[in-house]
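Each remark here refers to the structure printed beneath this line.
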(Lines of atoms letter the chains of each structure in order from A; the text may use other names.)
(Lines give C-alpha, C1' and ligand atoms only; values in the text may rest on other atoms or scores of the structure.)
Protein backbone atom coordinates (compact mmCIF):
# COMPACT_ATOMS: atom_id res chain seq x y z
CA UNK A 453 0.00 0.00 0.00
CA UNK A 454 1.19 3.49 -0.80
CA UNK A 455 2.12 5.82 2.06
CA UNK A 456 4.31 5.48 5.04
CA UNK A 457 3.73 2.67 7.49
CA UNK A 458 3.38 3.69 11.11
CA UNK A 459 1.91 1.54 13.87
CA UNK A 460 1.32 2.40 17.48
CA UNK A 461 0.24 0.05 20.24
CA UNK A 462 -3.39 0.49 21.20
CA UNK A 463 -4.62 -0.91 24.49
CA UNK A 464 -8.09 -1.32 25.94
CA UNK A 465 -8.25 -1.35 29.73
CA UNK A 466 -11.13 -2.33 31.99
CA UNK A 467 -10.74 -0.03 34.98
CA UNK A 468 -12.53 -0.57 38.29
CA UNK A 469 -12.92 2.91 39.75
CA UNK A 470 -12.51 3.22 43.53
CA UNK A 471 -15.21 4.83 45.63
CA UNK A 472 -14.82 8.58 45.96
CA UNK A 473 -14.81 10.13 42.47
CA UNK A 474 -18.28 11.29 41.46
CA UNK A 475 -18.46 9.12 38.34
CA UNK A 476 -17.68 6.00 40.37
CA UNK A 477 -20.24 6.72 43.07
CA UNK A 478 -23.02 7.96 40.80
CA UNK A 479 -22.65 5.12 38.30
CA UNK A 480 -22.75 2.54 41.13
CA UNK A 481 -25.82 4.22 42.61
CA UNK A 482 -27.43 3.95 39.18
CA UNK A 483 -26.00 0.73 37.68
CA UNK A 484 -28.47 0.81 34.80
CA UNK A 485 -27.11 4.13 33.51
CA UNK A 486 -24.45 4.35 30.81
CA UNK A 487 -22.07 7.31 31.02
CA UNK A 488 -19.84 8.59 28.21
CA UNK A 489 -17.09 11.09 28.93
CA UNK A 490 -16.90 13.18 25.75
CA UNK A 491 -14.11 15.60 26.66
CA UNK A 492 -12.02 16.03 29.78
CA UNK A 493 -9.12 18.19 30.92
CA UNK A 494 -7.19 18.17 34.20
CA UNK A 495 -5.88 21.48 35.52
CA UNK A 496 -4.52 22.46 38.95
CA UNK A 497 -6.08 19.55 40.81
CA UNK A 498 -9.45 19.91 39.12
CA UNK A 499 -11.12 18.16 36.23
CA UNK A 500 -13.21 19.89 33.58
CA UNK A 501 -15.39 17.58 31.54
CA UNK A 502 -18.33 17.16 29.25
CA UNK A 503 -20.25 13.91 29.43
CA UNK A 504 -23.60 12.41 28.53
CA UNK A 505 -25.55 9.59 30.07
CA UNK A 506 -28.56 7.45 29.30
CA UNK A 507 -30.91 6.40 32.08
CA UNK A 508 -34.57 5.81 32.84
CA UNK A 509 -34.11 8.05 35.88
CA UNK A 510 -32.48 11.15 34.42
CA UNK A 511 -33.60 13.56 37.15
CA UNK A 512 -32.44 11.21 39.90
CA UNK A 513 -29.01 10.87 38.29
CA UNK A 514 -28.71 14.63 37.83
CA UNK A 515 -29.62 15.26 41.46
CA UNK A 516 -27.00 12.75 42.62
CA UNK A 517 -24.38 14.45 40.45
CA UNK A 518 -25.22 17.95 41.70
CA UNK A 519 -25.04 16.91 45.35
CA UNK A 520 -21.87 14.80 45.15
CA UNK A 521 -19.11 16.19 47.35
CA UNK A 522 -16.51 16.26 44.54
CA UNK A 523 -18.70 18.21 42.11
CA UNK A 524 -18.00 21.95 42.15
CA UNK A 525 -20.13 22.86 39.13
CA UNK A 526 -22.66 20.98 37.02
CA UNK A 527 -24.50 22.53 34.07
CA UNK A 528 -27.03 20.64 31.97
CA UNK A 529 -26.38 21.33 28.29
CA UNK A 530 -29.13 19.15 26.89
CA UNK A 531 -31.78 16.90 28.41
CA UNK A 532 -34.44 14.50 27.12
CA UNK A 533 -36.63 11.89 28.79
CA UNK A 534 -33.90 9.26 28.66
CA UNK A 535 -30.59 11.12 28.41
CA UNK A 536 -28.68 14.25 29.37
CA UNK A 537 -25.46 16.02 28.45
CA UNK A 538 -23.72 17.74 31.35
CA UNK A 539 -20.66 19.95 31.80
CA UNK A 540 -18.92 19.54 35.16
CA UNK A 541 -16.01 20.70 37.27
CA UNK A 542 -14.78 18.11 39.76
CA UNK A 543 -12.14 18.14 42.47
CA UNK A 544 -11.17 14.47 42.08
CA UNK A 545 -10.36 13.61 38.43
CA UNK A 546 -8.47 10.37 39.11
CA UNK A 547 -8.39 8.99 35.56
CA UNK A 548 -7.29 12.34 34.18
CA UNK A 549 -4.52 12.73 36.75
CA UNK A 550 -3.19 9.24 36.07
CA UNK A 551 -3.18 9.95 32.34
CA UNK A 552 -1.47 13.32 32.78
CA UNK A 553 1.21 12.01 35.14
CA UNK A 554 2.05 9.12 32.83
CA UNK A 555 1.97 11.25 29.67
CA UNK A 556 -0.62 8.90 28.19
CA UNK A 557 -3.65 10.61 26.64
CA UNK A 558 -6.93 8.76 27.07
CA UNK A 559 -9.04 8.47 23.94
CA UNK A 560 -12.57 9.82 24.08
CA UNK A 561 -15.30 8.90 24.57
CA UNK A 562 -14.76 6.80 27.69
CA UNK A 563 -17.68 4.56 28.64
CA UNK A 564 -18.45 4.04 32.32
CA UNK A 565 -21.11 1.76 33.75
CA UNK A 566 -21.60 0.60 37.34
CA UNK A 567 -18.19 1.87 38.42
CA UNK A 568 -16.28 0.26 35.55
CA UNK A 569 -14.60 2.35 32.84
CA UNK A 570 -13.55 1.10 29.41
CA UNK A 571 -10.42 3.07 28.60
CA UNK A 572 -8.65 3.14 25.21
CA UNK A 573 -5.13 4.52 24.96
CA UNK A 574 -2.61 4.68 22.12
CA UNK A 575 0.97 4.98 23.29
CA UNK A 576 4.31 3.23 23.41
CA UNK A 577 4.87 0.34 25.83
CA UNK A 578 6.80 2.55 28.28
CA UNK A 579 3.89 5.00 28.51
CA UNK A 580 1.38 2.18 28.97
CA UNK A 581 3.53 0.73 31.73
CA UNK A 582 3.74 4.13 33.43
CA UNK A 583 -0.05 4.52 33.23
CA UNK A 584 -0.43 1.15 34.94
CA UNK A 585 1.93 2.27 37.70
CA UNK A 586 -0.06 5.47 38.21
CA UNK A 587 -3.29 3.47 38.47
CA UNK A 588 -1.71 1.16 41.04
CA UNK A 589 -0.40 4.11 43.07
CA UNK A 590 -3.91 5.55 43.20
CA UNK A 591 -5.47 2.26 44.24
CA UNK A 592 -7.20 1.80 40.89
CA UNK A 593 -7.61 -1.83 39.82
CA UNK A 594 -7.53 -2.59 36.12
CA UNK A 595 -7.05 -5.37 33.62
CA UNK A 596 -5.88 -5.24 30.03
CA UNK A 597 -8.49 -6.51 27.60
CA UNK A 598 -6.12 -6.37 24.65
CA UNK A 599 -3.07 -4.71 23.16
CA UNK A 600 -2.82 -4.44 19.40
CA UNK A 601 -0.96 -2.53 16.75
CA UNK A 602 -3.15 0.29 15.52
CA UNK A 603 -2.96 1.34 11.89
CA UNK A 604 -2.39 5.03 11.38
CA UNK A 605 -4.62 6.93 8.88
CA UNK A 606 -1.99 6.98 6.13
CA UNK A 607 -2.05 3.17 6.08
CA UNK A 608 -5.78 2.86 5.50
CA UNK A 609 -6.05 4.46 2.06
CA UNK A 610 -3.79 4.72 -0.95
CA UNK A 611 -2.63 8.16 -2.07
CA UNK A 612 -5.13 8.08 -4.94
CA UNK A 613 -8.00 7.07 -2.66
CA UNK A 614 -7.20 9.88 -0.22
CA UNK A 615 -6.94 12.43 -3.03
CA UNK A 616 -10.22 11.32 -4.56
CA UNK A 617 -12.07 11.25 -1.25
CA UNK A 618 -10.89 14.77 -0.34
CA UNK A 619 -11.89 16.03 -3.79
CA UNK A 620 -15.31 14.38 -3.56
CA UNK A 621 -15.98 16.12 -0.25
CA UNK A 622 -14.73 19.52 -1.44
CA UNK A 623 -16.78 19.37 -4.66
CA UNK A 624 -19.96 18.48 -2.81
CA UNK A 625 -20.32 14.90 -4.01
CA UNK A 626 -21.56 13.88 -0.54
CA UNK A 627 -23.78 16.90 -0.01
CA UNK A 628 -27.57 16.55 0.03
CA UNK A 629 -28.50 17.31 -2.66
CA UNK A 630 -25.23 16.60 -4.45
CA UNK A 631 -23.37 19.57 -5.90
CA UNK A 632 -21.41 17.44 -8.36
CA UNK A 633 -21.91 14.17 -10.23
CA UNK A 634 -19.62 11.17 -10.55
CA UNK A 635 -18.93 12.25 -14.13
CA UNK A 636 -17.84 15.73 -13.01
CA UNK A 637 -15.71 14.22 -10.28
CA UNK A 638 -13.96 11.81 -12.64
CA UNK A 639 -13.27 14.58 -15.16
CA UNK A 640 -11.85 16.84 -12.44
CA UNK A 641 -9.40 14.21 -11.20
CA UNK A 642 -8.61 12.84 -14.68
CA UNK A 643 -9.87 9.26 -14.26
CA UNK A 644 -12.23 7.16 -16.31
CA UNK A 645 -15.70 7.19 -14.76
CA UNK A 646 -15.58 3.44 -14.03
CA UNK A 647 -12.13 3.73 -12.40
CA UNK A 648 -13.27 6.73 -10.38
CA UNK A 649 -16.35 4.84 -9.18
CA UNK A 650 -14.37 1.74 -8.14
CA UNK A 651 -11.63 3.77 -6.41
CA UNK A 652 -14.19 5.82 -4.51
CA UNK A 653 -16.15 2.73 -3.51
CA UNK A 654 -13.03 1.04 -2.11
CA UNK A 655 -12.17 4.16 -0.11
CA UNK A 656 -15.74 4.40 1.20
CA UNK A 657 -15.64 0.74 2.24
CA UNK A 658 -12.46 1.20 4.28
CA UNK A 659 -13.64 4.42 5.95
CA UNK A 660 -17.15 3.10 6.70
CA UNK A 661 -15.95 -0.18 8.18
CA UNK A 662 -13.40 1.62 10.34
CA UNK A 663 -16.09 3.97 11.62
CA UNK A 664 -18.47 1.11 12.40
CA UNK A 665 -15.78 -0.94 14.15
CA UNK A 666 -14.66 1.93 16.40
CA UNK A 667 -17.85 3.87 17.06
CA UNK A 668 -20.93 1.66 16.68
CA UNK A 669 -22.07 -1.35 18.73
CA UNK A 670 -20.78 -4.59 17.22
CA UNK A 671 -23.69 -6.91 18.02
CA UNK A 672 -24.89 -8.80 14.95
CA UNK A 673 -22.41 -7.04 12.65
CA UNK A 674 -20.39 -9.32 10.38
CA UNK A 675 -17.88 -8.10 7.80
CA UNK A 676 -14.32 -8.70 6.78
CA UNK A 677 -11.88 -6.62 8.87
CA UNK A 678 -10.28 -3.55 7.33
CA UNK A 679 -6.78 -4.50 6.14
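Residue numbers (my numbering): 453 to 679.
All residues carry an ideal CB built from backbone N, CA and C; glycine is no exception.
Confirm, please, whether the CB-CB distance from residue j to residue i is below 8 angstroms.
{"i": "residue 565", "j": "residue 503", "result": "no"}
{"i": "residue 524", "j": "residue 543", "result": "yes"}
{"i": "residue 609", "j": "residue 641", "result": "no"}
{"i": "residue 540", "j": "residue 501", "result": "yes"}
{"i": "residue 651", "j": "residue 643", "result": "yes"}
{"i": "residue 470", "j": "residue 549", "result": "no"}
{"i": "residue 528", "j": "residue 482", "result": "no"}
{"i": "residue 473", "j": "residue 577", "result": "no"}
{"i": "residue 600", "j": "residue 554", "result": "no"}
{"i": "residue 612", "j": "residue 623", "result": "no"}
Tell me where the alpha helix (DSSP H) around residue i begins and ends.
{"i": "residue 536", "result": "No alpha helix (DSSP H) holds residue 536; the beta strand (DSSP E) holding it covers 535-542."}
{"i": "residue 592", "result": "Here residue 592 belongs to no alpha helix (DSSP H), and DSSP marks it neither H nor E."}
{"i": "residue 622", "result": "611-622"}
{"i": "residue 507", "result": "Careful: residue 507 lies outside any alpha helix (DSSP H) and carries neither H nor E."}
{"i": "residue 551", "result": "546-554"}
{"i": "residue 476", "result": "474-481"}
What does DSSP give as the partner residues of residue i in its beta bridges?
{"i": "residue 492", "result": "501"}
{"i": "residue 635", "result": "According to DSSP, which records beta bridges pairwise, residue 635 is partnered with nothing at all."}
{"i": "residue 663", "result": "Answer is none; residue 663 lacks a bridge partner."}
{"i": "residue 600", "result": "462"}
{"i": "residue 687", "result": "Missing from the structure shown is residue 687; the chain here goes from 453 to 679 and no further."}
{"i": "residue 486", "result": "506"}
{"i": "residue 564", "result": "487, 569"}
Since residue i and residue j are thought to touch, with beta carbons under 8 angstroms apart, how far apart are those beta carbons, to the nearest angstrom?
{"i": "residue 580", "j": "residue 492", "result": "The pair is not a contact, with the Cβ atoms about 19 angstroms apart (cut-off 8 angstroms)."}
{"i": "residue 466", "j": "residue 594", "result": "6 angstroms"}
{"i": "residue 535", "j": "residue 506", "result": "5 angstroms"}
{"i": "residue 537", "j": "residue 530", "result": "4 angstroms"}
{"i": "residue 567", "j": "residue 468", "result": "7 angstroms"}
{"i": "residue 680", "j": "residue 648", "result": "No answer is possible for residue 680: the residues shown for the chain start at 453 and end at 679."}
{"i": "residue 489", "j": "residue 560", "result": "6 angstroms"}
{"i": "residue 515", "j": "residue 556", "result": "In fact, because the Cβ distance is near 34 angstroms, the residues do not count as touching under 8 angstroms."}
Take residue i as the anchor and find which of the options has the nearest alpha-carbon.
{"i": "residue 558", "options": "567, 568, 575", "result": "575"}
{"i": "residue 485", "options": "518, 520, 510, 615", "result": "510"}
{"i": "residue 657", "options": "639, 628, 614, 476", "result": "614"}
{"i": "residue 597", "options": "516, 588, 660, 572", "result": "572"}
{"i": "residue 476", "options": "638, 592, 654, 626", "result": "592"}
{"i": "residue 517", "options": "569, 478, 653, 660", "result": "478"}
{"i": "residue 546", "options": "532, 584, 519, 533", "result": "584"}
{"i": "residue 533", "options": "629, 508, 552, 551", "result": "508"}
Less than 7 angstroms separating the Cβ of residue i from some heavy atom of the ligand SAM?
{"i": "residue 578", "result": "As presented, the structure is devoid of all ligands, the ligand SAM included, so that no description of it is given."}
What residue does the beta strand (DSSP E) around residue i start on, and which one ends it?
{"i": "residue 526", "result": "523-531"}
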